[in-house]
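Trainee: I'd like to ask some things about the structure below.
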Amino acid sequence: MGTPPASGPASPAASASPAAPAASAPGAAAASQSPLPGAPPAGAPGRAPTLAPGPNGLTPVFERAKQHTDKTVALTFDADMTSDQGPRAAGGERFDNPELISTLRTLKVPSTIFMTGRWAEEYPDQAKSIGTDPNFEIANHSYSHHAFKSPCYGLPALDGAAARADVDRAFAAFRQAGAVNTVPYFRFPGGCYDDPALRALSTARVTAVQWDVVSGDAFATDPDAVAEQVLAGVRPGSVVVMHCTRSAAPVTEEAIRKIVPELRKRGYRFVKVSDLIGT
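One gets the numbering used here by counting positions in the sequence shown from 1 and adding 56 to each.
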């Protein structure tokens, strides 16, 4: 997940991210086109813009389009499922949110879905539907939703080699599901990272994507409160983090139906993360 819960446990089964990035982003980096020569095909399936590596070759981090005057905003949705939640899904718990995806389509809101590989395996038809719809792009939220830095909201931690393999495994799951519109962007589980985590992913040729607006939709029960928090935080070039998981973010779809028309009324235009990075 991308944001801290308003209520509810912070555990590997229902994890959440910090309200602000867990480490400073590497210095300003110029956008380039991906894939890069030698980049793993799993991590760079399209020609979405990426940022140049940070200091000492660290994975670059994008939070928002700074010094951005155009009224554009990127809504991002974390499609979370951990590697050990299969039994809960088999028991009827829903980690998807097809109604949210349908509403985004109806409202014609371009969006970036940060998906775990385990989610794509559990819902392959939905992953393919999202990943073949030009309205969406699928970015990597790891395979397992384990932490790339510890401590991180109680998530089990991966070491450097396992972290890189986890990212590759997620991209492979997207391909297996038939998703086409995948981009070389990565969101750290829990939003937690440090220099060793950025170093571990340096050969993956991805751009790490954080956010500057926390929606507060994780475990929320009041869609109006979620909408108000988003509307209060959005600035030109903002990246908003929300969730595409019914069990842990049950009011997100209703909040979107309030957020989208109000931001459009204020003159905002919705774009994907690739559009922000490319400007």
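We treat Cβ as the ideally placed atom computed from N, Cα and C, and that holds for glycine.
Check whether the Cβ atoms of Val307 and Ala274 lie closer than 8 Å to each other.
Mentor: Contact: no.
Trainee: Can you tell me whether Glu155 is buried or exposed, with buried defined as 16 or more other CB within 10 angstroms of its CB?
Mentor: Exposed.
Trainee: Pick from Phe227, Asp189, His202, Ala229: whose alpha carbon is nearest that of Gly216?
Mentor: Of the candidates Phe227, Asp189, His202, Ala229, the one whose C-alpha sits nearest the C-alpha of Gly216 is His202.
Trainee: Is it the case that the Cβ atoms of Val270 and Val236 are separated by a distance below 8 Å?
Mentor: Against a cut-off of 8 Å, the Cβ pair of Val236 and Val270 comes out as no contact.
Trainee: Could you compute how far the alpha carbon of Glu318 sits from the alpha carbon of Leu287?
Mentor: Approximately 8 Å between the Cα atoms of the pair.
Trainee: Please report the residue range of the alpha helix (DSSP H) in which Ser158 lies.
Mentor: Its alpha helix (DSSP H) spans residues 154 to 162.
Trainee: If Phe326 sits next to Val165, beta carbons under 8 Å apart, how far is it from one beta carbon to the other, in whole angstroms?
Mentor: With 8 Å as the limit, Phe326 and Val165 qualify as a contact, their Cβ atoms being about 5 Å apart.
Trainee: How about Thr335 and Ala145: are their beta carbons less than 8 Å apart?
Mentor: Contact flag unset, no.
Trainee: Under the three-state reduction of DSSP, which class applies to Asn191: helix, strand or coil?
Mentor: The answer is coil: DSSP assigns Asn191 none of H, G, I, E or B.
Trainee: Which of helix, strand or coil does DSSP assign to Val236?
Mentor: Correct three-state label for Val236: coil.
Trainee: Taking 8 Å as the threshold (C-beta atoms), are Arg220 and Ala256 in contact?
Mentor: Yes. Within cutoff.
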